[in-house]
Each structure stands twice: as C-alpha cells, then as structure tokens.
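Colleague:
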Amino acid sequence: NAGVMQNPRHLVRRRGQEARLRCSPMKGHSHVYWYRQLPEEGLKFMVYLQKENIIDESGMPKERFSAEFPKEGPSILRIQQVVRGDSAAYFCASSKDRATNTGELFFGEGSRLTVL
Amino acid sequence: GESVGLHLPTLSVQEGDNSIINCAYSNSASDYFIWYKQESGKGPQFIIDIRSNMDKRQGQRVTVLLNKTVKHLSLQIAATQPGDSAVYFCAENRRDNQGGKLIFGQGTELSVKP
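Line order of the protein sequences matches chains E and X.
Numbered according to the working numbering, the first sequence terminates at residue 561, and the numbering increases by one at each position without gaps.
Numbered according to the working numbering, the second sequence terminates at residue 849, and the numbering increases by one at each position without gaps.
1. Can you name, in chain order, every residue of its own chain whose Cβ lies under 6 Å from the Cβ of residue 779 (chain X), other than the five neighbours on each side?
2. First and last residue of the beta strand (DSSP E) that includes residue 534 (chain E)?
3. Comparing C-alpha positions only, which one of E:481, E:483, E:452 sits nearest to residue 470 (chain E)?
4. Go ahead and label residue 476 (chain E) buried or exposed: buried means 16 or more other beta carbons lie within 10 angstroms of its beta carbon, across all protein chains shown.
5. Can you tell which of X:839, X:848, X:840 has the C-alpha that lies nearest to the C-alpha of residue 817 (chain X)?
6. Assuming residue 762 (chain X) is part of the beta strand (DSSP E), what are its boundary residues?
7. In the DSSP assignment, find the beta strand (DSSP E) that holds residue 477 (chain E) and state where it starts and stops.
8. Within its chain, find whatever has a CB closer than 7 Å to the CB of residue 783 (chain X); leave out the 5 residues flanking it on each side and keep chain order.
9. Along the chain, where does the beta strand (DSSP E) that runs through residue 492 (chain E) open and close?
10. Helix or strand or just coil, what does DSSP make of residue 747 (chain X)?
11. Spell out whether any CB of chain E is found under 9 Å from the CB atom of residue 740 (chain X).
12. Output the distance between the C-alpha atoms of residue 489 (chain E) and residue 522 (chain E), rounded to the nearest integer angstrom.
13. If you follow the beta strand (DSSP E) that residue 451 (chain E) is in, where does it begin and where does it stop?
14. Given this structure, state the Cα-to-Cα distance separating residue 844 (chain X) from residue 785 (chain X), to the nearest angstrom.
15. If you drop the 5 nearest sequence neighbours on each side, which residues of the same chain put their C-beta closer than 6 Å to that of residue 768 (chain X)?
16. Using a C-beta to C-beta distance shorter than 8 Å, which residues of chain X count as neighbours of residue 554 (chain E)?
17. Give every residue of the same chain whose Cβ lies closer than 6 Å to the Cβ of residue 822 (chain X), excluding the five residues on either side of it in the sequence, and list them in chain order.
18. Run the CB neighbour count on residue 487 (chain E), radius 10 Å, all protein chains shown included, and call it buried at 16 or more, exposed below.
Structure, rendered in structure tokens:
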C-alpha cells in the first residue's frame with residue numbers, strides 16, 4: 446500500500462523558469478494538502494484541494510503559484526517565473542476524509558526545489 | 736504558534752534517558768494538537784495527537800501533555816533511543832478552518848547520544 450508519492454524529489458530551476466511538482470495521494474484518499482518548508486522552519490500551509498475543487502487556498506501566494514487536483518491524475522503545484530525565495534521543500538499530504546479534527550494527514554517525502 | 740528563526744532549538748540527551756520537548760501555541764481557538772517527527776530528508780511522520788478537552792494522552796513510549804491555561808504542549812519520550820533523533824514539530828488545528836490547515840511550530844532538533 447503505497448504512501449503519498451511526490452515527484453520529482455529534487456528539482457533545480459533557474460530564475461524565471463517554471464516548476465511543476467506532482468503529488469499522488471494515498472489510495473482511497475481524495476483530499477490533498479500542500480505545505481512549504483523553508484530551511485530550519487516548520488511547515489507552512491499553502492492549499493487544500495479535493496478532487497477538482499480548491500477548498501482553502503489561504504496560504505498560497507497571490508501571484509505565480511497555482512494548484513490543481515484533476516479528476517484523473519496527480520495533484521500539481523505549479524510555480525511560474527521562479528525566484529530564489531521559492532527555494533524550499535514542498536510537501537504534499539493526503540487524507541481520506543476532511544481532516545477537520547484529526548491530524549491524520551499522511552505526508553509524502555517532499556520535493557526539494559532549488560532556484561539558481 | 737509560528738516563529739521564525741535561523742537555528743532550531745536543540746535538545747541533546749543520552750540514550751536511555753527521557754526526553755521532554757516543549758511547544759507553545761498562540762491561539763485559544765485551537766482545539767486539536769499533533770506532534771510530528773521529521774527525519775532528515777523525509778516528510779513529517781505522525782506521532783501522537785490530543786484534543787483540547789484532554790490534558791494528557793499516552794502512546795507507546797510517548798506522552799503528550801496539554802496545558803490550556805498557559806497554551807503549552809509537551810512531548811515526553813521515554814527511554815530515548817538513537818532512532819528517535821529527528822526534528823519534532825508540534826502542530827495545531829483551529830476549529831475555524833476548513834480542515835487540514837495545520838499550524839506548525841518551529842521545531843526542536845533532538846539528538847540522542849549513544
């Protein structure tokens with residue numbers, strides 16, 4: 446029973462390029478969450494999606510960042526025109542039901558983005 | 736609550752000793768708390784959780800204590816082992832959010848000396 450799968454694990458981009466990070470939730474999970482972690486900091490919530498819907502995007506930067514979770518296929522976090530400050534680890538988590546009162550978010554291993 | 740720093744707080748313990756990791760949270764609307772363990776290069780791993788209507792919960796070798804009066808949370812690890820070396824994060828879930836929007840603390844790096 447595979448866990449949350451993220452790819453790529455490591456991604457290097459030059460300033461101005463686009464980064465696409467993919468997340469396949471655990472089998473049977475339809476809720477996906479994206480978090481960002483800067484070095485030596487805790488994770489910061491970005492966005493919560495359910496199949497084809499964005500439920501909460503209050504943590505997403507207003508520009509350059511977008512997320513989707515299509516009916517078929519993985520969730521995608523897209524960062525356009527990357528800047529050095531986007532360098533971070535991006536974690537995806539999934540849950541079976543809406544994680545309102547539960548910490549049962551299962552995290553992936555993360556995608557580490559480095560912007561040169 | 737959230738804090739930003741250049742260096743993680745660290746805790747160094749001898750193998751076999753008990754470890755206590757502390758966390759302060761900021762929002763009295765938080766009603767659910769979780770401790771995560773994050774090993775180098777990996778994602779956070781759920782350890783134990785506690786609801787705000789409780790003040791103590793025990794798991795295997797771990798105990799979480801919640802003091803709502805001073806908004807303080809602690810994780811106790813009994814008989815700490817080298818495999819416990821990791822960064823530990825507390826996280827809070829606020830009842831006014833739509834789900835899954837955990838607020839993570841800064842983290843504490845636990846180092847276990849053999």
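For every residue, glycine included, the Cβ atom is placed at its ideal position computed from N, Cα and C.
Note that this is a predicted model, so its numbers are computed, not measured.
Modeller: With the given structure in hand:
1. 771, 773
2. 533-540
3. E:452
4. buried
5. X:848
6. That residue, residue 762 (chain X), is in no beta strand (DSSP E); it is neither H nor E in DSSP.
7. 476-482
8. 770, 792, 794, 797, 799
9. 488-495
10. strand
11. At residue 740 (chain X), the pLDDT of 38 sits below 50, so the modelled position is not reliable; the number obtained from the coordinates is stated separately. Taking Cβ atoms only, chain E reaches closer than 9 Å to residue 740 (chain X), which makes this a yes.
12. 15 Å
13. 450-452
14. 21 Å
15. 785, 808, 827
16. 776, 777, 778
17. 773, 842, 844
18. buried
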